[in-house]
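The structure under discussion appears below in the form of structure tokens.
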């Protein structure tokens, strides 16, 4: 019995014995492997054959078994059974009924079978092919009509495509923006005329050249090529998405460096593009304008310091002086050191009451304009000023800029004018009294007249020679008196031309007229001696600004207005330029996303830093301002820092210097410095931009190491290299690369590395695991406690896994075919750059899996094709027109009953083939067919032929031949490829 069982177990056929109730009594190894590979050989006896073979309609089997009798104990049956791969499989079974001592009913059944699925499929394929062959003749006419309709549709589509392309080219060729299309290899297939104009290139010089090569049409700066390649990789990874390109540098046709930006989109399926389309523009002027904004700060400082008017900047809300100019020092008598940090009250230049009033007005109006005020200088002398304030941002803080005009002399002059006027009135009174006493004291009268005349001369001389304009007008605006300065201000050569002839409103700009009339009414009501500003239009139509102060005076028999005016156009323009400069400087410096620092070139102390610098280093502003880099221990290599400083002092600037810097936390970062010396307030400073390139450096090193590790490998070896590279790169305890099985719920691990050891033949279910989320949602990261998040995944708890990161593997159709994941026993952190590298590696892994799947599919297809050809008795061959010889193979020779050794090789001249294998009356067919091949027209593709052959054993067989004519690049026939089928 042991010998019998050993022999039976070694059989390739599946053998099983079972009782009439279906209970198995014996199976061999082949049966177990086919139906129950997960069970042992001894586990099957005692089980039901119905469960093992998964027969849905067992009643038919019972009916078949009951048909077995002593007279006919053996029958064959073909059955379909569901296979483990989810497909239907065919088996043919020889069933034998074993009868006991009673001899009437079977006591046991023995079945012996084998799988005929491939045969069934080949038969079905052969049947289908025969049906197709029989139906093909009927379909030729319909196919021709359909092809004709399809041809017309193709022509229409080509016409629509041509119109679309013409519109695209018309659009791109009539806009100043740059448009290019490059194929998957990175070479230009289209460029817009605007790019050719910009670069001075000819179309032939550009088309077919690499867009990102050293000789690119745009002359791209080498430092920017890496960034552009990275953007291109992003576009390839996200077809159809528009990827923004940061500004990059190139060169125009003059060799001048230019700046460009734009977008790229990878459109692999769009007809006429099938590659990357770039749409960009020249932003050189914008970039240079932004660079020029830094000069605004210099201008502001220079204007502020050089202004002839006293100016100061006070902080808000404590109103302490943070900056004063030279004119302020000269007028007030206080030095800058005495003023900085003090308030107006602290310096004693203003009373508490006046300060409170000004603060209240400023709080309500947000600014103060043309306010008269009496200040005290350092020596206690009273200083009359007219001042204006405007809120600004200074050194990152709110502040108030105050511009003042000293009018002490003007006040004194006004006082003297009023005094002289009173003297004049008194003199007139004395004249009147003198007239009544004329005869009494004639000599006294002469003296009084002389005194009056001298006073008037002195008054007129004073008025005519003052630098400020003096005029007298009535309340209707009619001009009664002007001095020479008024004529200069309104640009009239002879001031006499306007006295008594013109109205002052003729010179007032439309937007200031309402305010002037309002002030006329105010002065008429008794309120005067306040300063106001108006816009005037001179006689030469030039717009100017004046500052005026008026007073109601008696003039003749009526009241009039005495005005003192001053041209403040230059001051107004300076104030506006100052405000604009401050806004530009603050906006550029504060809002710049790149870290900026301003350091004194004399002592190395930080003067100012922007928010990006504070965010990158972790310091607060108070911790940095006033300190040096040595105080903060920012540079880990003092020698390298000293060399950079020396280079800046020698050349005046330094570009792209990379230094190791220590931030507040103690972490060392790699930073790229670009620095230049600028002069502010007469002192040299160093302005630096600082880029943190730590992540970029790490990414470059990681990519280089990973690519080096994976280069030159394919298949499972490549997957093992990928797992090893990722494990070393991320310090992962476990790396898995798995293929999702056809059931969609199982992953077969192709490469697994656990604690540095390769784990073979590992399979797991994705349900309830983080890999399920990864396959469904894309890249997933669980930084910690992943086992708690997925309690139904026991392996996570078993291997003490805490951190998990995974990404799906896609095939070319964007279908998920696998999972790449890393796991750690500690918390896992993945940066954005690491995620991007991880995703790139996943593409490599997916490509290897897909390649493996395609190879397996190709092998199966070849096997199926070979089997189908065997069943159909079809062989292939080739005719080489240049030599006039056939190229046969072993299968061909087998059909003809011979071998390559017997025939002297696989090449055989056509005349020998005809002589050795064709019947004499049909040998002319070969020569005729060869002639037809050589004379075949352009439209001739396939030929069919039937003839008889004589095998080497003498048998006569009928053969049907179908061959295809091959042609060279010019369409000239060069031979043919064909198949022969034994249709005997």
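Residue numbers (my numbering): -1 to 982. Here a beta-carbon is modelled for each residue, glycine too, at the ideal position from N, C-alpha and C. As the structure is a prediction and not an experimental result, all values here were calculated from the model.
### Query
Nearest to residue 6 by CA position, among 111, 571 and 253, is which residue?
111
### Task
Tell me residue 258's beta-bridge partners as DSSP assigns them.
246 and 280
### Closest Cα partner of residue 569 within the set 562, 367, 500 and 647
367
### Cβ pair count under 8 Å reaching 3, the stretch 203 to 222 against the stretch 247 to 256
yes
### Ranges of the alpha helix (DSSP H) found wholly within the stretch 484 to 519, counting only runs of at least 4
none
#### Entry: Residues that DSSP places opposite residue 374 in a beta bridge
380
### Task
Going by DSSP, name the residue or residues bridged to residue 392.
395
### Query
For the beta strand (DSSP E) that residue 807 lies in, which residues bound it at each end?
801 to 808
### Task
Just mark residue 540 as buried or exposed, buried being the case when its beta carbon has 16 or more other beta carbons within 10 Å.
exposed
### CA-to-CA distance, residue 531 to residue 321, given in whole angstroms
27 Å
### Query
Tell me which same chain residues have a C-beta within less than 7 Å of the C-beta of residue 350, skipping the five on either side of it?
343
### Query
Would you say residue 894 and residue 915 are within 7 Å of each other, going by their C-beta atoms?
yes
### Query
Taking 6 Å as the cut-off, does the CB of residue 387 come closer than this to any heavy atom belonging to the ligand FMN?
In terms of ligand content, the structure shown is empty, and the ligand FMN therefore cannot be addressed.
### Query
How would you label residue 548, buried or exposed, when you count the other beta carbons within 10 angstroms and need 16 or more for buried?
buried
#### Entry: Host beta strand (DSSP E) of residue 478 (start-end)
477 to 480
### Message
Residues in the same chain with beta-carbon distance under 6 Å from residue 730, minus the five sequence neighbours each way, listed in chain order, please.
### Response
820 and 822
#### Entry: Simplified DSSP state of residue 682, which is helix, strand or coil
strand
### Query
Nearest-angstrom Cα distance between residue 10 and residue 961?
41 Å
### Query
The beta strand (DSSP E) with residue 340 in it runs from where to where?
Segment: none, residue 340 is in no beta strand (DSSP E) and carries neither H nor E.
### Task
For the stretch 300 to 310 and the stretch 391 to 408, state whether three or more C-beta atom pairs, one from each stretch, are separated by less than 8 Å.
yes
### Whole beta strand (DSSP E) elements within the stretch 739 to 825, 3-residue minimum
744 to 752, 760 to 763, 778 to 780, 801 to 808 and 814 to 822
### Task
Kindly give me the distance between the Cβ atoms of residue 473 and residue 559, rounded to whole angstroms, as I take these residues to be in contact under 8 Å.
7 Å
#### Entry: Nearest candidate by alpha-carbon position, reference residue 682, set 688, 690, 673 and 689
673
### Task
Within the same chain, show all residues whose beta-carbon is closer than 8 Å to that of residue 380, passing over the 5 residues directly before and after it, in chain order.
372, 373, 374 and 406
### Query
From residue 514 to residue 502, what does the alpha carbon distance come to, in whole angstroms?
10 Å
### Query
Where does residue 87 sit, in a helix, a strand or coil, going by DSSP?
strand
### Task
Would you mind stating whether residue 748 and residue 728 have Cβ atoms separated by less than 7 Å?
no
### Message
Closest to residue 829 by C-alpha separation, out of 808, 771, 692 and 921, would be which residue?
### Response
692
#### Entry: Boundaries (first-last residue) of the alpha helix (DSSP H) holding residue 467
From DSSP, residue 467 is part of no alpha helix (DSSP H) but of the beta strand (DSSP E) over 467 to 471.
### Query
DSSP puts residue 556 in a beta bridge; with which residues?
553
### Message
For residue 764 and residue 663, I'd like the C-alpha separation in whole angstroms.
### Response
42 Å
### Task
Answer yes or no: do residue 773 and residue 807 have a C-beta to C-beta separation smaller than 7 Å?
no
### Task
Go ahead and label residue 89 buried or exposed: buried means 16 or more other beta carbons lie within 10 angstroms of its beta carbon, across all protein chains shown.
buried
### Query
Going by beta carbon distance, what residues of the same chain come within less than 6 Å of residue 879, once the five residues before and after it are set aside?
972 and 973
### Query
Is residue 339 closer than 7 Å to residue 318 when the C-beta atoms are compared?
yes
### Task
Note down the Cα distance separating residue 600 from residue 658, rounded to an integer number of angstroms.
23 Å
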